[in-house]
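Student:
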Amino acid sequence: MKRRMIIGCMTILVAMSQHVSAEEYLWPTDASKYLTSSFAEYRSGHFHAGIDIKTWGQEGYAVFAIRDGYISRVRVSPFGYGKALYQRLDTGELAVYAHLQKFNEYIDQIVKDEQLRIGSYRINKYFDSNDIPVRKGDIIGFTGSTGIGYPHLHFEIRDKKNQPTNPLQFGYSIKDGIPPGVSAVSITPLNADSRANADVKPLILRPTHVARGEYELSETIVLDGDFGFAIDCFDKANDVNNSYAVYQLRFFVDGEQIFSSTYDYFSYDVTGMIELDRDYMLNRRGLGLFQKLYVHRNSRLPFYNPTTEGTGMLRCSVDSTNVNGQPLRYGSGFHSFRIEANDYNGNSTTVQGEFRVGETKKAYPKIQKDVNGDYYLMGVFDDDGAEILNPKVFLSRDTGIKWSELAYAGNSIPLKIAPIVDATKGGNSVPVLKVFSDDGYGDLSLPNYTVIGLDASNEEEIEFIIEKDFYEDFVRLELNVSEVLQEEPRVFLQQTGGFPSKVDLIQSDINAYYGVYKLIPGLDGVVDIEVYVTDVAGRELVFWDEFKIVTIEPGKGGEVNSDDEMCRLQFPPNSVYNHFYVRMNEFPVEDGDRYDFVGSSYRIDPKDILLKKSATVHLDFPASDPQPDKLGVYSRSGRNRWSFIGSRVDADHHSISTLISGMKDVALIRDTETPLIRIYSPKKGAVLSTQYPTFKAYVKDDLSGIADERSIVMKLDGVKVIAEYDPERKTITYTTDDPIPTGAHELSVVAVDNCKNMSTVTHAFSIAP
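Just so you know, we're using numbering that gives the first Met the number 0 here: the sequence shown kicks off at 0 and counts up by one.
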């Protein structure tokens, strides 16, 4: 009866200020009607399951039951949702209120009783419908910042299947008259044979804002192959500076809608697939957080229309009306596209652009030297040997520093390339001719650089750098040369057990080339790279490089070992979405003064490949190591910084292991430092005037870290108290409910880090009469 009176009085007060019919859903707090986050926003590894309501950086606003029902669950943790209530509504749905500062008086007492019963701050308790019934408008708690994050109210509505649903569907009104914004559009080749502007790298395009809700991409993109478009966009609302995820995306090509995504609900079974909805590769490469405008082949997310695998992907080809037996969407020529981003209030933004399906051509000059030693341009031809009638021709007399355009009318009148000096006759630099072709659409071909003559006196040593950019099943090679070459390099790759394969190169600049090699699964081991070049002096030079790969297949998993056999990475079956190639390289340790490394560090790539399940990394330590329990696996978290990720000790095999959710740089580091403890209140020897003091301590560990509140114990006069741990502020706090007797007392705090290093600090104090 007492409980019903307390909550009933709260209901009357709320009803006086809010006139809402019984059929509607009440707004859950009096803090504000503004949001800091929207439904289905990106969180690392999962979707945001609700909306976050702005509390202006303050705590203590009332939280209301949005309908009649009962509290079905109370959860308290230092992490995640912090102090959270789960209310089963009279509709059968579930409302969740999280990061609360505290509960109402009745629920608070239930929580304290349960914490005392089990001797733990962390609880997760379920209730029947008759235990804690609530009426619509009852105050059930107060907004806070417990768990992770700044002060706000995290609010969810889950359907009868426990699927998070967009709360804005339940009649809530948010002041929003601002259309979404757009930062960038990405176009990603989806296989080794696809080219966007003649390259396999993703294109990141920045649109121009032309009017309210309107953006344009002025550049025409040349596409050949299979592609996925994606957009980096955001939403805004009136009167606040927060940015949100958009509610709906639509993708049109040639006026036809080929893809849409609408974020109304999802299942916890697929929340980890957010990395398939957002572009994981682009995000890991630091290029932005892009939402895909196509359905990933492994996705089971419910947002898309249609949900068919491959929906939204563009298949582009100039050669045929079908590709691999599938209907061709887009053939040779120009195509328009439009991306539409909508928020829940109906504000809309469009991005418009066009692409051309075709191949980016190369131009090849034909140069002839006459008996007088003069050079003539006899014509410019394409890949098929057809003459290009309107090429762009430039000449540099200083090896590419300055260029001057030459007038050229075609091979009917050969162009004398003059005045130049034949380098073989004592010239100081090598003349270079640069030609482009105009493909008839106004697009220029890739540049072709041709050295005119030889420089036999040139004895410069060539510096040659091969950069390797790995994708899921291919590698992009980029060659950078310190000196201009007489002719294009010849590059060959050979996998273990395979045959040498020539890599076709594209010259992107006077000293730069790139090419693509598709890796063959199963040919694991060293991949050799051989590069043959001819310099301006006519010397034939050879450069070598190599890398090592191991194929990981979805059904089989696999194992990768370092060359020194001190690091092993194990993938269980079905832990990867698609087969890919892992590389592991050993490096000497860095920052030895800051960290106590045991053995080498290991770089594991590729870091932008998404795993379906965690892999296990094992790092071995010497059998003679005196303190294996002080070792942990750490990953590189920044330049010159390492973070603890796990320390499962296998003494029999002399190894430390842990699970990893992605490729990382890893190393074994020893932690023998004890945690830092500072008791803020009471001060040592303090005489307190209240019998209801608040005790507070700061606990920090810089290496392996504090696992959770169970690793910290606060005792009052030798008896453990149920203290609240705040991992963000690194504090532990306890306020007594019962008066502390006058006289002398003692407060102690004990903390243990992840490597079992322990600290204890004790303060004596007294309560004044």
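For every residue, glycine included, the Cβ atom is placed at its ideal position computed from N, Cα and C.
How far does the beta strand (DSSP E) with Ile509 in it reach, from first residue to last?
Tutor: Against the sequence shown, residue 509 aligns to sequence position 510. Run containing Ile509: none; DSSP gives neither H nor E here.
Student: So the candidates are Leu204, His98, Trp402 and Asn241; which of them puts its Cα closest to the Cα of Ile509?
Tutor: On the sequence shown, residue 509 is found 510 positions in, with the first residue counted as 1. Residue Trp402 is the option with its Cα nearest to Ile509.
Student: What residues in its chain sit with their C-beta under 6 Å from that of Leu675, if we drop five residues either side in the sequence?
Tutor: The residue you call residue 675 lines up with position 676 of the sequence shown. If we look at Leu675 and ignore the five residues flanking it on each side, its Cβ neighbours are Lys699.
Student: Rounded to the nearest angstrom, what separates Gln86 and Leu313 at their Cα positions?
Tutor: Position 87 of the sequence shown holds residue 86. Position 314 of the sequence shown holds residue 313. Their Cα atoms are separated by approximately 45 Å.
Student: Going by alpha carbons, who is nearest to Asp544 out of Thr398, Met662 and Phe463?
Tutor: Here residue 544 refers to the residue found at position 545 when the sequence shown is read from its first residue. Taking only the C-alpha atoms, the option nearest Asp544 is Phe463.
Student: Roughly how many whole angstroms lie between the Cα atoms of Asp112 and Ile156?
Tutor: Here residue 112 refers to the residue found at position 113 of the sequence shown. Here residue 156 refers to the residue found at position 157 of the sequence shown. Per the coordinates, the alpha-carbon of Asp112 lies some 28 Å from the alpha-carbon of Ile156.
Student: Could you pull out every residue in the same chain whose Cβ sits closer than 6 Å to the Cβ of Ser31, ignoring the five residues on either side in sequence?
Tutor: The residue labelled residue 31 in the question sits at position 32 within the sequence shown. Result list for Ser31: Lys53, in chain order.
Student: Using a 10 Å radius around the Cβ and a threshold of 16 neighbouring Cβ atoms, would you call Trp55 buried or exposed?
Tutor: Counted from its first residue, the sequence shown places residue 55 at position 56. Looking at its Cβ environment, which holds fewer than 16 other Cβ atoms inside 10 Å, Trp55 is exposed.
Student: May I ask you to list the residues that DSSP assigns as paired with Gly645?
Tutor: As a working note, residue 645 is residue 646 in the sequence shown. Gly645 pairs with Val632.
Student: In or out: Met377 buried (at least 16 other Cβ within 10 Å) or exposed?
Tutor: Here the question's residue 377 lines up with position 378 in the sequence shown. The residue is exposed, with fewer than 16 neighbouring Cβ atoms inside 10 Å.
Student: Decide if the segment 88–97 is in contact with the segment 685–695; the criterion is three or more beta carbon pairs, one per stretch, under 8 Å apart.
Tutor: no
Student: Given a cut-off of 8 Å on the beta-carbon distance, is the pair Asp752 and Ser703 in contact?
Tutor: Numbered from 1 along the sequence shown, position 753 holds the residue referred to as residue 752. Numbered from 1 along the sequence shown, position 704 holds the residue referred to as residue 703. Yes; because the gap between Cβ atoms is below 8 Å, this pair is in contact.
Student: Val525 and Thr495 - do their beta-carbons sit closer together than 8 Å?
Tutor: For the purposes of this step, residue 495 is taken as the residue at position 496 of the sequence shown. For the purposes of this step, residue 525 is taken as the residue at position 526 of the sequence shown. Yes, they are a contact pair.
Student: By the 10 Å Cβ neighbour count, where 16 or more other Cβ atoms means buried, how is Leu484 classified, buried or exposed?
Tutor: What you label residue 484 is simply residue 485 of the sequence shown in a count that begins at 1. By the neighbour-count rule (16 or more Cβ atoms within 10 Å), Leu484 is buried.
Student: Determine the direct distance from the alpha carbon of Leu610 to that of Leu618, and round the result to whole angstroms.
Tutor: Walking along the sequence shown from the start, residue 618 turns up at place 619. Walking along the sequence shown from the start, residue 610 turns up at place 611. Approximately 20 Å between the Cα atoms of the pair.
Student: Lys101: which of Ile117, Ala706 and Gly81 sits nearest, CA to CA?
Tutor: Counted from its first residue, the sequence shown places residue 101 at position 102. For Lys101, the nearest C-alpha among the options comes from Gly81.
Student: Should Arg339 be labelled buried (16 or more other beta-carbon atoms within 10 Å of its own) or exposed?
Tutor: Looking up residue 339 in the sequence shown gives position 340. Reading off the sequence, residue 339 comes out as Glu, not Arg. Buried, because 16 or more other Cβ atoms sit within 10 Å of the Cβ of Glu339.
Student: Distance, Cα to Cα, Arg355 vs Glu471?
Tutor: Along the sequence shown, one-based indexing puts residue 355 at 356. Along the sequence shown, one-based indexing puts residue 471 at 472. Distance between the alpha carbons of Arg355 and Glu471 is about 26 Å.
Student: Can you tell me the Cα-Cα spacing of Val769 and Val559, whole angstroms?
Tutor: Summary: the structure shown does not reach residue 769, with the chain confined to residues 0 through 768, and so no result is reported for it.
Student: Work out the CA separation of Asp223 and Val480 for me, nearest whole Å.
Tutor: In the sequence shown, residue 480 corresponds to position 481, counting from 1. In the sequence shown, residue 223 corresponds to position 224, counting from 1. Within the model, the alpha-carbon separation for Val480 versus Asp223 is close to 28 Å.
Student: When the Cα of Asp231 is compared with those of Leu248, Asp225, Val181 and Asp263, which residue comes out closest?
Tutor: By one-based count along the sequence shown, residue 231 stands at place 232. Minimum Cα distance to Asp231 is reached at Val181.
Student: In the DSSP assignment, what are the bridge partners of Lys719?
Tutor: On the sequence shown, residue 719 is found 720 positions in, with the first residue counted as 1. According to DSSP, Lys719 bridges with Lys714.
Student: At which residues does the alpha helix (DSSP H) containing Ile109 begin and terminate?
Tutor: Counting from 1 along the sequence shown, the entry for residue 109 is found at position 110. Element bounds for Ile109: Glu104 to Ile117.
Student: Would you list, in sequence order, the uninterrupted alpha helix (DSSP H) runs of no fewer than 4 residues that lie entirely inside the segment 258–285?
Tutor: Taking only runs of at least 4 residues, the alpha helix (DSSP H) segments lying wholly in the segment 258–285 are 273–276 and 279–283.
Student: Note down the Cα distance separating Lys124 from Ile147, rounded to an integer number of angstroms.
Tutor: Numbered from 1 along the sequence shown, position 125 holds the residue referred to as residue 124. Numbered from 1 along the sequence shown, position 148 holds the residue referred to as residue 147. Lys124 and Ile147 have their C-alpha atoms some 20 Å from each other.
Student: Are there 16 or more other CB atoms within 10 angstroms of the CB of Tyr149, so buried, or fewer, so exposed?
Tutor: Locating residue 149 in the sequence shown gives position 150, where the first residue counts as 1. Exposed, because fewer than 16 other Cβ atoms sit within 10 Å of the Cβ of Tyr149.
Student: Report the start-end ranges of each alpha helix (DSSP H) in the segment 288–358 that is 4 residues or longer and not cut off at the edges.
Tutor: none
Student: State the start and end residues of the unbroken beta strand (DSSP E) segment that holds Arg475.
Tutor: Within the sequence shown, the letter at position 476 stands for residue 475. Phe473 to Val480 is the span of the beta strand (DSSP E), which, as asked, contains Arg475.
Student: In chain order, what residues of the same chain lie with their CB nearer than 6 Å to the CB of Glu708, ignoring the 5 residues before and after it?
Tutor: To locate residue 708, count along the sequence shown from 1; it is residue 709. Excluding positions up to five away in sequence, the list reads Pro77, Tyr120 and Tyr724.
Student: Sort His153, Thr349, Ile203 and Tyr279 by Cα distance to Leu248 and report the nearest one.
Tutor: Stepping through the sequence shown from its first residue, residue 248 is reached at position 249. Ranking the options by Cα distance to Leu248, first place goes to Thr349.
Student: For Ile519 and Tyr512, which I take to be in contact (beta-carbon distance under 8 Å), what is that distance rounded to the nearest angstrom?
Tutor: The residue you call residue 519 lines up with position 520 of the sequence shown. The residue you call residue 512 lines up with position 513 of the sequence shown. At roughly 23 Å, the Cβ-Cβ gap does not stay under 8 Å, so Ile519 and Tyr512 are not in contact.
Student: Run through DSSP, which three-state label would Glu708 get?
Tutor: Sequence index remark: in the sequence shown, residue 708 carries index 709 (1-based). Three-state result, Glu708: helix.
Student: Could you please give me the residues that DSSP links to Lys361 through a beta bridge?
Tutor: Along the sequence shown, read from residue 1 onward, the residue named residue 361 stands at position 362. Note: Lys361 sits in a beta bridge opposite Leu445.
Student: Between Arg277 and Asp607, is the Cβ-Cβ spacing less than 8 Å?
Tutor: One-based indexing of the sequence shown puts residue 277 at position 278. One-based indexing of the sequence shown puts residue 607 at position 608. Contact: no.
Student: Shortest alpha-carbon distance to Ala94 belongs to which of Ile659, Phe250, Ser574 and Asp158?
Tutor: As a position in the sequence shown, residue 94 is number 95, starting the count at 1. The option with the nearest alpha carbon to Ala94 is Asp158.
Student: Using a Cβ-Cβ cutoff of less than 8 Å, which residues in the same chain neighbour Lys501 once the five nearest sequence positions on both sides are dropped?
Tutor: The count along the sequence shown starts at 1 and reaches residue 501 at position 502. For Lys501, where only same-chain residues beyond five positions count, the Cβ hits under 8 Å are Arg489, Val490 and Phe491.
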